[in-house]
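A short worksheet on the structure shown next.
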Amino acid sequence: MVVTRFAPSPTGYLHIGGLRTALFSYLWAKKNGGNFVLRIEDTDKARNSQEATDAILKAFEWLGLEHDGDITYQSQRDDIYAKYIKQLLDEGKAYKCYMSKEELTQLRETQMANKERTKYNGKYRDFDGTPPEGIEPVIRIKAPLTGAIVVEDGVKGNVSFQAEDILDDFVIARADGAPTYNFVVAIDDHLMGINEVIRGDDHLSNTPKQIVVYNALGFPLPTFYHVPMIHNAAGKKLSKRDGATDVMAYKEMGYTPQALLNFLVRLGWSHGDQEIFSMDEMKDLFHPKDINKSASIYATDKLDWLNAHYIKSTPNAELVELLTAYDLVLTSHDKKEILLDALKERAKTLKDLAALAKEILETPTSYDAKAVKKAFKGNAIEVLNTFGAKLSVCENPHLPTDYHTLMEEVVNEMEIGFGKIGQPLRVALLGKMSGPGLDSVMAILGRDETMLRITNAITAHS
RNA sequence: GGCCCCGUCGUCUAGCGGUUAGGAUCCAUGGUUUUCAUCCAUGUCACAGGAGUUCAAUUCUCCUCGGGGUCACCA
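Take the first sequence: its letter number 222 is residue 222 in the working numbering, and every next letter is one higher.
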């Protein structure tokens with residue numbers, strides 16, 4: 001059984017990069033009929049907050065990424081970590097280090113001055129004398145001093161590190177007893193049954209340390225997949241300073257979960273030439289072997305295109321639901337089908353769609369000057385009058401075709417082109433030169449509102 | 001700086017020794033549309049550089065250059 005995880009530290013909102021690794025983990029678990037579990041890494045009490053945890057959970061809920069089982073909170077597992085620390089101490093695989101912070105700093109400065117790599121010198125590794133007074137020791141793990149540590153990575157291949165290059169006896173428990181990250185990650189992943197670890201490749205260089213812990217504790221290694229970073233336009237790691245990286249901001253901007261997920265799954269992963277993936281297709285087709293090795297730049301052109309695509313293919317009933325989040329309530333509007341059919345092809349976002357609908361539904365209070373100049377020349381007023389007269393005596397116009405017939409009659413009787421009626425009518429109804437088909441607009445508005453707008457325009461421009 | 005990773009159109013990517021280097025997006029043009037948008041068609045644009053290996057390299061190897069990540073009693 002494949003078990004994957006997402007393990008955020010609750011220091012802020014869920015961001016785009018985190019979401020993508022979470023999505024990959026989720027898909028890989030689901031493809032294999034396995035579990036996707038959540039662990040909140042809230043050991044840094046100074047920086048963590050409940051609000052951040054809630055925000056992350058809320059984002060997952062919006063996107064429909066459900067985790068399996070209970071959420072694990074590292075802050076509640078101190079006794080577990082303590083047990084393993086004691087075990088390593090007892091087995092002689094870890095030891096107490098009494099080096100003071102000052103001495104450690106001194107050591108580093110000397111090493112830097114000599115252009116050496118900064119690392120702990122192993123002073124207390126085999127210490128059996130009397131410990132110095134007044135110093136709370138940290139616990140360090142005995143790391144191998146030489147030899148290669150190979151990370152067998154499902155994305156990057158075998159990555160080999162030399163112990164002497166990167167390892168020292170790193171701290172697994174601080175002076176106050178609190179365990180450190182690389183230690184607890186290994187324990188939690190093992191205890192939670194996680195056997196496939198998908199995470200950002202900024203963790204690749206941490207992995208040898210975690211392997212040291214796995215080995216010391218006798219835990220089997222999971223399979224690692226280190227996915228490349230997402231960079232900003234400047235080519236740097238995407239950070240909170242890069243603007244819209246809060247996942248929930250995409251909801252506010254009017255993106256659909258489907259579009260965002262589809263966009264993200266194609267960032268660093270592909271399946272041939274396919275661009276559009278339903279959630280079912282993602283679950284079916286995703287495989288970490290198809291994750292590419294190089295970082296990608298976060299550019300949202302394609303997200304807009306995908307969002308427009310999904311809006312176009314979303315059933316109107318569903319759109320009505322979604323649009324309530326953008327202050328547009330169409331539930332009782334009898335022409336909502338016509339309205340949404342006319343508008344969903346022209347909106348990049350749900351927010352756009354709501355705005356577009358409001359524009360049509362609200363009687364124009366001003367007219368675009370350029371449009372007026374272009375449309376209201378020649379006999380435009382006369383054309384509008386003629387159309388208005390026909391409309392006022394028309395029996396119960398209802399569908400776009402009813403209005404279209406009326407327009408055709410005017411065009412034929414006055415022997416004019418369609419543009420001669422279309423342009424002034426458009427400006428009268430919408431206040432500008434662009435918009436959906438006029439027959440649809442009039443059907444949406446109904447006869448009374450249409451008449452009102454025509455009359456208003458004639459008054460304003462004759 | 002040490003260690004590690006990466007390098008195909010502006011962007012996301014396909015390619016897994018032999019291709020006119022493909023798709024998508026963006027941009028441009030044309031068509032459709034009374035308008036705008038959609039949609040359709042067409043077009044512009046890429047293998048970082050240099051050595052090898054090979055009959056043949058975008059593809060394999062090495063070097064250079066470039067970019068990124070990481071080096072805590074943060075996670």
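Beta carbons are placed, not taken as given, at the ideal position from N, Cα and C, and that holds for glycine.
Where do the ends of the alpha helix (DSSP H) carrying residue i lie?
i           : result
residue 4   : Residue 4 -> not in any alpha helix (DSSP H); beta strand (DSSP E) instead, spanning 3-6.
residue 191 : 181-191
residue 50  : 50-63
residue 393 : 380-393
residue 212 : 207-217
residue 282 : 279-285
residue 347 : Here residue 347 belongs to no alpha helix (DSSP H), and DSSP marks it neither H nor E.
residue 118 : Where residue 118 is concerned, there is no enclosing alpha helix (DSSP H), given that its DSSP letter is neither H nor E.
residue 306 : 301-312
residue 377 : No alpha helix (DSSP H) holds residue 377; DSSP gives it neither H nor E.
residue 429 : 418-430
residue 329 : Here residue 329 belongs to no alpha helix (DSSP H), and DSSP marks it neither H nor E.
residue 317 : 316-323
For residue i, does the three-state DSSP call read helix, strand or coil?
i           : result
residue 234 : coil
residue 153 : strand
residue 200 : strand
residue 140 : strand
residue 67  : coil
residue 161 : strand
residue 360 : helix
residue 93  : coil
residue 26  : helix
residue 404 : helix
residue 226 : strand
residue 73  : strand
residue 148 : strand
residue 276 : coil
residue 261 : helix
residue 354 : helix
residue 254 : coil
residue 415 : coil
residue 168 : coil
residue 133 : coil
residue 341 : helix
residue 105 : helix
residue 88  : helix
residue 47  : coil
For residue i, write down the residues that DSSP places opposite it in a beta bridge.
i           : result
residue 246 : 15
residue 269 : 291
residue 35  : 3
residue 463 : Within the shown structure, residues of the chain are numbered from 1 to 462, placing residue 463 beyond reach of any answer.
residue 40  : 73
How would you call residue i, buried or exposed, if buried means at least 16 neighbouring beta carbons within 10 angstroms?
i           : result
residue 315 : exposed
residue 276 : exposed
residue 74  : buried
residue 233 : exposed
residue 273 : exposed
residue 328 : buried
residue 499 : Because the chain spans 1 through 462 in this model, residue 499 falls outside it and cannot be assessed.
residue 148 : exposed
residue 25  : buried
residue 459 : exposed
residue 358 : exposed
residue 286 : buried
residue 230 : buried
residue 160 : exposed
residue 132 : exposed
residue 8   : buried
residue 210 : buried
May I ask which residues mark the beginning and end of the beta strand (DSSP E) holding residue i?
i           : result
residue 447 : Counting along the chain, residue 447 falls outside any beta strand (DSSP E), though it belongs to the alpha helix (DSSP H) covering 438-461.
residue 172 : 171-173
Can you tell me the Cβ-Cβ gap for residue i and residue j, rounded? I've got them flagged as a contact below 8 Å.
i           : j           : result
residue 65  : residue 247 : The pair is not a contact, with the Cβ atoms about 10 Å apart (cut-off 8 Å).
residue 430 : residue 261 : Rounded, the Cβ-Cβ distance is 35 Å, inconsistent with contact.
residue 187 : residue 80  : 7 Å
residue 178 : residue 138 : The pair is not a contact, with the Cβ atoms about 10 Å apart (cut-off 8 Å).
residue 407 : residue 376 : Contact flag wrong, Cβ pair sits at about 17 Å.
residue 198 : residue 4   : 6 Å
residue 60  : residue 153 : So it is not a contact: roughly 26 Å between Cβ atoms.
residue 27  : residue 283 : 6 Å
residue 364 : residue 453 : 7 Å
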